[in-house]
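See structure below.
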Amino acid sequence: MIHFGGDYNPEQWPEKVWTADVELMRRAGVNLVTVGVFAWARLQPAPDEFDFGWLDRVLGLLGDGGIGVCLATPTASPPPWFTRRHPDAMPVTADGVRLTHGSRDTYCVNAPAYRTACARITGELAARYARHDAVRLWHVHNEYGTTCYCDHCAAAFRSWLADRYGDLAGLNDAWSTGFWSQRYGDWAEVLPPRATQYLGNPAHLLDYRRFVSDAMLAHYLSQRSILRASDAPVTTNFVLGGWVPVDHARWASEVDLVAIDDYPSSVGGHLAERAFAADRARGWARAAGHDDGRWLLMEHAPGAVRDAASGVVRPLDPGQARAAALTYLDRGAVGVMYFQWRQSRGGAEQWHPAIVPHQGPDTPIFAEISALGAEVARREPVTVTAAAALIHDEQTMWAWQAPGLDYEAICRRWHVAIGGIVDVVPPSVPLDGYRLVVAPVLYLLPAAGHRALRDYVRGGGTLVLTFASGLVDDCCRATPGALDDLIGARVVRHVPLLPGETVPIDGLDAVGRGWIDDLEPAGATVLLRAADGRPVLLEHRYGAGVVRYLATDLDDPRPGLPTDSGRPGR
Amino acid sequence: MIHFGGDYNPEQWPEKVWTADVELMRRAGVNLVTVGVFAWARLQPAPDEFDFGWLDRVLGLLGDGGIGVCLATPTASPPPWFTRRHPDAMPVTADGVRLTHGSRDTYCVNAPAYRTACARITGELAARYARHDAVRLWHVHNEYGTTCYCDHCAAAFRSWLADRYGDLAGLNDAWSTGFWSQRYGDWAEVLPPRATQYLGNPAHLLDYRRFVSDAMLAHYLSQRSILRASDAPVTTNFVLGGWVPVDHARWASEVDLVAIDDYPSSVGGHLAERAFAADRARGWARAAGHDDGRWLLMEHAPGAVRDAASGVVRPLDPGQARAAALTYLDRGAVGVMYFQWRQSRGGAEQWHPAIVPHQGPDTPIFAEISALGAEVARREPVTVTAAAALIHDEQTMWAWQAPGLDYEAICRRWHVAIGGIVDVVPPSVPLDGYRLVVAPVLYLLPAAGHRALRDYVRGGGTLVLTFASGLVDDCCRATPGALDDLIGARVVRHVPLLPGETVPIDGLDAVGRGWIDDLEPAGATVLLRAADGRPVLLEHRYGAGVVRYLATDLDDPRPGLPTDSGRPGR
Amino acid sequence: MIHFGGDYNPEQWPEKVWTADVELMRRAGVNLVTVGVFAWARLQPAPDEFDFGWLDRVLGLLGDGGIGVCLATPTASPPPWFTRRHPDAMPVTADGVRLTHGSRDTYCVNAPAYRTACARITGELAARYARHDAVRLWHVHNEYGTTCYCDHCAAAFRSWLADRYGDLAGLNDAWSTGFWSQRYGDWAEVLPPRATQYLGNPAHLLDYRRFVSDAMLAHYLSQRSILRASDAPVTTNFVLGGWVPVDHARWASEVDLVAIDDYPSSVGGHLAERAFAADRARGWARAAGHDDGRWLLMEHAPGAVRDAASGVVRPLDPGQARAAALTYLDRGAVGVMYFQWRQSRGGAEQWHPAIVPHQGPDTPIFAEISALGAEVARREPVTVTAAAALIHDEQTMWAWQAPGLDYEAICRRWHVAIGGIVDVVPPSVPLDGYRLVVAPVLYLLPAAGHRALRDYVRGGGTLVLTFASGLVDDCCRATPGALDDLIGARVVRHVPLLPGETVPIDGLDAVGRGWIDDLEPAGATVLLRAADGRPVLLEHRYGAGVVRYLATDLDDPRPGLPTDSGRPGR
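Chains as they are written, first to last, in the working numbering: chain A, 13 to 582; chain B, 13 to 582; chain C, 13 to 582.
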């Protein structure tokens, strides 16, 4: 069975609407709804007052209607009473501004009062609904992603660093504090990367993102341990985006089912973006050893895309909602869920698309989603196998330093170039099953990563690397020449290019942009050269395998792919 | 008689200049000058020290020269001694930054110390000049517009909300706090919309603007009650702009004469902008029942426009200052006043245009303004009647949510399209006298607004509505279908368009942009269709009148107007 | 001998690298390296702990290798222990955000604790190395430039103002506080220009920049007095840029050798930018009476330019590093130094170009710099004489108010137009030795400046002035007509132009942009007119000399130059 449904927020509606909703859900083929994501203030209207009666009735109605429940802990949005009592649990920006309630996601996961309050409401939910028939899945929190720079975080960061580096000597070495007189002599001197006069230390900044990820993971694990009172699996919904300080590859092994929210950024390219997101989700699931890489699409917008450049939410043409759903399902999703079921009358997202819009069910979107529900009901989840993998690394995304070159955009272009179904995986995943591995601009690469790439090729694999690969280790320290033996050439010099600057390539109706390496081949064959003679594409036999190296960035990187990978090559 | 003159700041000049100024004013036909706007530090150089001697002399000179005085209270710019003694009366930004003196407008109208200090200086002025012969008009404060988020404001906001909504249940309902767990359980939890993690609540944001308007109005009323010791009328100068948290329609009935400052934003379009501003001012005056809609232009720049896009202050070609003045006078202004009389030697606005520039009176601008003064002296204020009204609503402007679509620009294009003299009125104005009412994108519409539109058409009026009308009530809650019966069609779906996306229209050399509604006509006739068949212009007989509905945005919206309104139609 | 070398940061590297470095430096022809700039945390790892052993060894190795040392005081980057103990010595932004360590340059020069700590470490260095053989030059601090708005600064600012203006009456007059009720009645009311509600007072803003410059100068002088224990000359490296609150003309007389850091902003124009910077440095040196205008290039990037618009650091083509160095040397530099010797493995500037890049010395850049070292070793510093001077004024740069017109860009275009070697000088320099003086847009001009220009022309000089000259005095007060007699015309009106607006000029294949004055010639001859008849270029005989006045801005201003200056004229 495929899960089909979405976020349902009955706390925004009078009870008579609930009955109508269940009936409409049945018409639409909905079989799973996420309940309770932002219901904290309703469930616990005051510090010592709980109200579960309404939720009992909602779950009863849904259960009676044959609709399963993904029950959420409501901790992503603490109620106003919490703020008032615990201002120290509100997040603080790098500039020292303490935020307050009035939106959502306003909390510091390292604040003791917040941790306690979260454990309490989660405990109440677990105690009451652990064995509820309708509950199929637990949904911890929502879209983890609030970074904070407060003093609670400073203390927790120091502990995290002490665990990671042992002592200050280790920290000073890892962070290269010899530069700019940053050497720490006492743990108390170590702070979050708060506002400072000029450029920050990249290792400091990167470790803070890792720390925030781990701090949020601890928050998640604390709730998961409480929810284990239930037999239902536990997960949280990963939100994608460069700003998100969550190391999803690491989290994937702590959720019982990888679940993502997917909001593409452009109307024209939404299906390609969805395919990439789906392949990433499956890559995380596979990396964590989950059940043949199956995963759940927890949220997407029904029949509309928010154009990131303009902020316009553009309804899609008929058929595109179906095309979107099939893109996910064909890539291993066990369910396609929407945000949200019924469009909110008020609040910040009152115009966010919904299955039941303000105009009601007699609307094209309800019709299209209902038809899709019927179609999906006849399908089963598919197990996907891919011959090719694309390495996409959130550590590299966070550490990336190349003005004018967008790591995400480069990876997405390679994803399209490879074509078909590709496992998009973190570098930690075993590579030996793949016929082709493409690792674009893998800027950050620890020693283990070097070994993994070498082992894969030595064992017969075909690897495609590019410029800007293996430039730093996991502490952002330069590692010059680290991959020279593998690519069969010395990278003598990096030449970042100016906006608009191009490098014509011999025999190719394409130009390089953004970057070109100066290479001295040492074992590799030159497949393509720039018009000025500089090598731009190398091929190197290494062990039983072969490595390609593309020294510049192409709008369409297909020429970088080997032809024997079954894809267009030179 | 037409008032002719401008802001005069003798406190910036030695006394010998005053005599020369009066002589020059007479040459220029000046008959009214605004004195004292920023003179607080000069009038009250220390907390317990007042100096009115200089002002006595200034008013004496002016009076002797036959020049009337619009006497201002100086409260828009408290002196540095005030800041030092009352830091809690300085405004605080949403980020928590407490501002300090060094500019102007730096105050919190809800701070008790500020209210007290304002009452005191106003009291002194009233006591001394209430019966002064030269004083023709009182000018309270200047360009109200400072928003503050401090704790004084928080407390006052709570009182204001309690008055508006009665209890917390009312507030929670009005603000749709079921969304994102924002339910308030105690008044003390309610705050100004300070910095928070993500999107704010639109009802919260809108009510804060209303509250700020009312708080400033209370400040104004407190001064007005003191100035009633004089028989001269009392007003304040409205400043126009999307950032201004003043509900001018509401304020208009509290001033004895509607007065606006007008600073167009573009050189090419300055006359059209002035016409729109003038028609708005008359609309407010008419809404408040003032004297046939007469109003005063309190400030504009002599012979120059600040191009908002570039910040360049561009002198206008000869004749344009006259054209500007006639635009205002032809639309009911009882006076045209300039900022300022004599260009300041120093300070932030030393390059702001003036009637007497740094180069002195032997300059083209002084000559042009003087000639205009002579011409104006032969005119009398005109009473303007308009057959058409354009509804322009500051509540909609504040609540407006449509990325890429500029509410002000849309209204201005309709204003041009209707042509001639149009009353630009708030929705509260009685509509029955108009042959044509155009209400573009009237996003926010409370129940009373729905009734007023229906009554107008039912009684035989001709109404033009557009897409994005009546989408929310006065608490920003969606009101789907609210106008369907009036337009004779069901609005099935809103389709916001991407930047650059266009909708070709059959039989029209024009395209729709920005938005198109999907409509199901139910009684209305389709007058225009998109090339793909979607209706874009409907006409519906309703009662004794007729309603047009334009479902998209046209660069030139004239095709939306009925031909029998005497304007170009289809 | 020409100094050749760069910044050397041995504290970032193990000792074995030091030996290799000295050997490589000899190969590269390096004869001077700057040591210790960011070594505070290494030299003083704790408040009462010093470690000079490593520096002894470094200086020993360098001295033994025949390489001179420019020894820096490390005060530009206080260690984390300092921050922890003295949070009040961290800088505060205008918004009130107190910054913390984590970068560099994070200090307040007015904080007593910082001044004390700086004196202490400088004293230790002076005591130990004053007579060290290798030390050729002292380098105080690094790139002074941190502006702070804290309470220490407020107190120091008041003292500085009291010194400058005597009493509050003087201050109020100088700052034109009659405008906007800003009159100060007590020194305690005077504050740094912290965040306020609207536009600040230009005189307040300008004086704050001057004050910051003087406060930093006092910090510099305090270190210089300590370092006078040594016979070696003392300097600091000037960093160029509009944001820098340092009055270099004033500082030049306090350094024993003018030294600048030069980072051009565009790849295409880097040589012209370098020529301009070199001519500025020589101008400051000449103004301060230093040794025929000789100066030192303390830093530039080896063979690369950071494109300011994109942030891309673009390696230059072969030969360009040489061309850059010769540009400096031909314009009087006594040395060309690079930042930095060896590329840092980690830290914020790990990708900053270096002589020895990550890839090591077997690289094109090391080869090019080494060849250049050999070439430079055969040269001696040259004494440069210039027939023409360009007045470039940092006070005008700070005070400049003309949206859309870039003071720096205008001056650079004139510099190119004059061509060849030009002394770029502050207005304080004696002008009588020059055949031609060009003073573009000299907005701010005190009475002494007026006199100097008049005296120069009266004595037979040829002066070129432009629009926007002499508009304000040194307190930013308008000085209308101040230069009318000199240019032989009355400037009746300034007409700033809109972006894209052009003024065609008769007989010239060029258009005016940005600004045009309306002029009434009174003695001057009109050399060029706009197509509409307005004069755009005047020539006026004044005393024994001649003045040209160009009333608009030309992309190539050569037509403004007199032909008898030996440069292309009309």
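A virtual CB, placed ideally from N, CA and C, is assigned to each residue, including glycine.
Pick from the options: whose alpha carbon is nearest that of residue i?
i	options	result
A:Ser440	A:Gly432, A:Leu465, A:Glu420	A:Leu465
B:Lys28	B:Trp66, B:Ala138, B:Gly17	B:Trp66
C:Asp274	C:Tyr220, C:Tyr340, C:Arg221	C:Tyr340
C:Val317	C:Gly344, C:Asp243, C:Phe351, C:Met13	C:Phe351
C:Arg54	A:Pro99, A:Pro314, A:Trp192	A:Trp192
C:Val503	B:Trp199, B:Ala129, B:Pro369	B:Pro369
C:His404	C:Asp435, C:Val394, C:Ala379	C:Asp435
A:Ala337	A:Arg148, A:Val388, A:Asp319	A:Val388
Taking 8 Å as the CB-CB limit, is residue i close to chain C?
i	result
B:Gly581	With a pLDDT of 38 at B:Gly581, under the threshold of 50, the modelled position of this residue cannot be trusted; read the value that follows with caution. By this cut-off, B:Gly581 is not an interface position.
A:Tyr220	no
If you draw a straight line from the C-alpha of residue i to the C-alpha of residue j, how long is it?
i	j	result
A:Ile430	A:Glu285	14 Å
A:Met310	A:Arg390	20 Å
C:Asp268	C:Leu531	46 Å
B:His113	B:Tyr119	9 Å
A:Cys165	A:Asn122	6 Å
B:Leu384	C:Tyr161	48 Å
A:Gly75	A:Ser382	20 Å
B:Pro204	B:Phe169	7 Å
C:Ala287	C:Gly331	17 Å
B:His552	A:Pro22	38 Å
B:Gly182	B:Thr189	11 Å
A:Leu111	B:Leu44	49 Å
C:Thr247	C:Arg140	19 Å
Does the distance from the C-beta atom of residue i to that of residue j stay below 8 Å?
i	j	result
A:His153	A:Leu83	no
C:Ala289	C:Pro314	no
A:Trp527	A:Gly18	no
Could you tell me whether the Cβ of residue i comes closer than 8 Å to any Cβ of chain B?
i	result
C:His216	yes
A:Trp363	yes
C:Ala32	no
A:Glu23	yes
According to DSSP, which residues form a beta bridge with residue i?
i	result
C:Asp273	C:Val251, C:Glu311
C:Phe16	C:Val348
A:Glu551	A:Thr537, A:Arg560
C:Trp527	C:Pro508
Check whether the Cβ of residue i lies closer than 8 Å to any Cβ atom in chain A.
i	result
B:Trp412	no
B:Arg570	no
B:Ser171	no
B:Val504	yes
B:Gln407	no
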